[in-house]
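K.L.:
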Amino acid sequence: MEKKLHPSPLLILDLDERIDSKALRAEIDRCYSYIGAPVIRTHAPETIATVEGTQVEADNQAPVRNVMRLNINNLGTHRYLDSSAEGADALWNDILLHWLYNQIHKLDNQMKIYNLRQREEGADPLMFEWLEINLENGKLIARIKLDSASGVSPEVCTNLDALRAALNAGALGEEVVSVSMPSATSLEEQARMGMAAKAAREAEAAAEAERIAAEKQAQADVAEAQADALFLESPQLVEQAAKKQAAQREAQDPVLKARVEADLARPENEMTAEEIVAKRIAEEAELHEKMEARYTLPEADYELEFSQWTIHYADGTERDFDSLTNAFVA
Numbered sequence: 167m168e169k170k171l172h173p174s175p176l177l178i179l180d181l182d183e184r185i186d187s188k189a190l191r192a193e194i195d196r197c198y199s200y201i202g203a204p205v206i207r208t209h210a211p212e213t214i215a216t217v218e219g220t221q222v223e224a225d226n227q228a229p230v231r232n233v234m235r236l237n238i239n240n241l242g243t244h245r246y247l248d249s250s251a252e253g254a255d256a257l258w259n260d261i262l263l264h265w266l267y268n269q270i271h272k273l274d275n276q277m278k279i280y281n282l283r284q285r286e287e288g289a290d291p292l293m294f295e296w297l298e299i300n301l302e303n304g305k306l307i308a309r310i311k312l313d314s315a316s317g318v319s320p321e322v323c324t325n326l327d328a329l330r331a332a333l334n335a336g337a338l339g340e341e342v343v344s345v346s347m348p349s350a351t352s353l354e355e356q357a358r359m360g361m362a363a364k365a366a367r368e369a370e371a372a373a374e375a376e377r378i379a380a381e382k383q384a385q386a387d388v389a390e391a392q393a394d395a396l397f398l399e400s401p402q403l404v405e406q407a408a409k410k411q412a413a414q415r416e417a418q419d420p421v422l423k424a425r426v427e428a429d430l431a432r433p434e435n436e437m438t439a440e441e442i443v444a445k446r447i448a449e450e451a452e453l454h455e456k457m458e459a460r461y462t463l464p465e466a467d468y469e470l471e472f473s474q475w476t477i478h479y480a481d482g483t484e485r486d487f488d489s490l491t492n493a494f495v496a
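To convert, count from 1 in the sequence shown and add 166; that's the working numbering.
1) Taking its Cβ as the centre, do 16 or more other Cβ atoms sit within 10 Å of V388, making it buried, or is it exposed?
2) Distance, Cα to Cα, I279 vs E286?
3) Can you name the residues that DSSP bridges to S314?
4) Go through its chain and collect everything with a Cβ distance to M167's Cβ below 7 Å, but skip five positions before and after it.
5) Keeping to the same chain, check which residues put their C-beta closer than 8 Å to that of I307; ignore five residues upstream and five downstream.
6) Would you decide whether S174 is buried or exposed? Buried here means 16 or more other CB atoms lie within 10 Å of its CB.
7) Give the straight-line distance between the Cα atoms of S319 and W296, rounded to the nearest whole angstrom.
8) Can you tell me the Cα-Cα spacing of E469 and A210, whole angstroms?
9) Could you work out which residue in R283, T243, L312 is closest to I270 when comparing CA atoms only?
10) Span of the alpha helix (DSSP H) holding R191?
11) Quick one: grab the DSSP three-state call for Y280.
12) Alpha carbon to alpha carbon, how far is K188 from T438?
13) In the DSSP output, which residue or residues are listed as bridge partners for H209?
14) Here's a check: name, in chain order, each residue in its chain whose Cβ is nearer than 6 Å to the Cβ of H478, leaving out the five neighbours to either side.
15) Given D225, which residues of its chain have a CB within under 7 Å of its CB, disregarding the five upstream and five downstream residues?
16) Over the uninterrupted alpha helix (DSSP H) stretch that includes N334, give me the two end residues.
17) Do you know how far the Cα of S314 is from the Cα of P291?
18) Please go through the same chain and pick out, in chain order, the residues whose beta-carbon is closer than 8 Å to the beta-carbon of G202, but skip the five residues on each side of it.
19) Helix, strand or coil, according to DSSP, for V342 in the structure here?
Here you go:
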């Protein structure tokens, strides 16, 4: 019986040399050990031409661009991209697709957890721009653009499956060396539409928050007017109502009652029980918002779509391809 194959990952993090440090490497090793100890490499920032135009030098003002590379090890010389190879379809469909899904899910989760921890520590996040998957020992590189939160859904495996199918159908042409998902043109359009949608969502959320605040203020104004009117009629009734409300709150929350009593007993205190309760509620609401902001995993500005690709060929040329129509983009 043939031994079942078990692919293993080799993770390579290609970092901008300007952010490299022993502390960063130690934190990466600690965080990514769940997946496997990554290999860390560095590269110089983007270059710019000198005034003479004959030399180039590093542009230290260029944005930091980090790349994550996933190599598939432990498969020996087994082929899986070409469907005509013996056992290729079974290896791809039954083993590799599931393995890639799990690995991409782990990487997506780990990148977000790492940056969440960085945020908790008040440190800079470690953002990656691309995930490059090395297929069949370098025969094909699949470059997947990461979103603004440095994440990617494992559902992108559907696109990897479509890529293999297009290769086998001969739809991509000869001597394909790598494929970028999505294409630069598609990415630019998605960014334009995605950021516009984000701005609309934020404006809608702000308007809703303003509406709720105005509604609460209106209710408070009505309650205050009613209390003023009631006070003019009978100050004793107002005092009784306030005591009743305070007693109800204290009965519902003994911890709050204890805190209020402690605050009232302080010599420097100048607030009433009602004012103390209101202050406590506001403080707890603010703390809740801070905790949510600190411990909630980061979300992308918009979700990326990967149906349009850029095909890179061995001679240095490239063409855009639409996987939905299975045809090149004119």
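For every residue, glycine included, the Cβ atom is placed at its ideal position computed from N, Cα and C. Computed from a predicted model, the values in this text were never measured in an experiment.
P.N.:
This is what the structure gives:
1) exposed
2) 10 Å
3) S314 pairs with nothing; no bridge assigned.
4) For M167, the pLDDT reaches just 40, beneath the cut-off of 50, and the residue's location in the model is therefore unreliable, although a value from the coordinates is still provided. If we look at M167 and ignore the five residues flanking it on each side, it has no Cβ neighbours.
5) E298, I299, N300, L301, V343, S344, V345
6) exposed
7) 13 Å
8) 30 Å
9) L312
10) 188–198
11) helix
12) 54 Å
13) D182
14) V343, S344, E484
15) P211, E212, T213, I214
16) 323–334
17) 12 Å
18) S174, P175, L176, L177
19) strand
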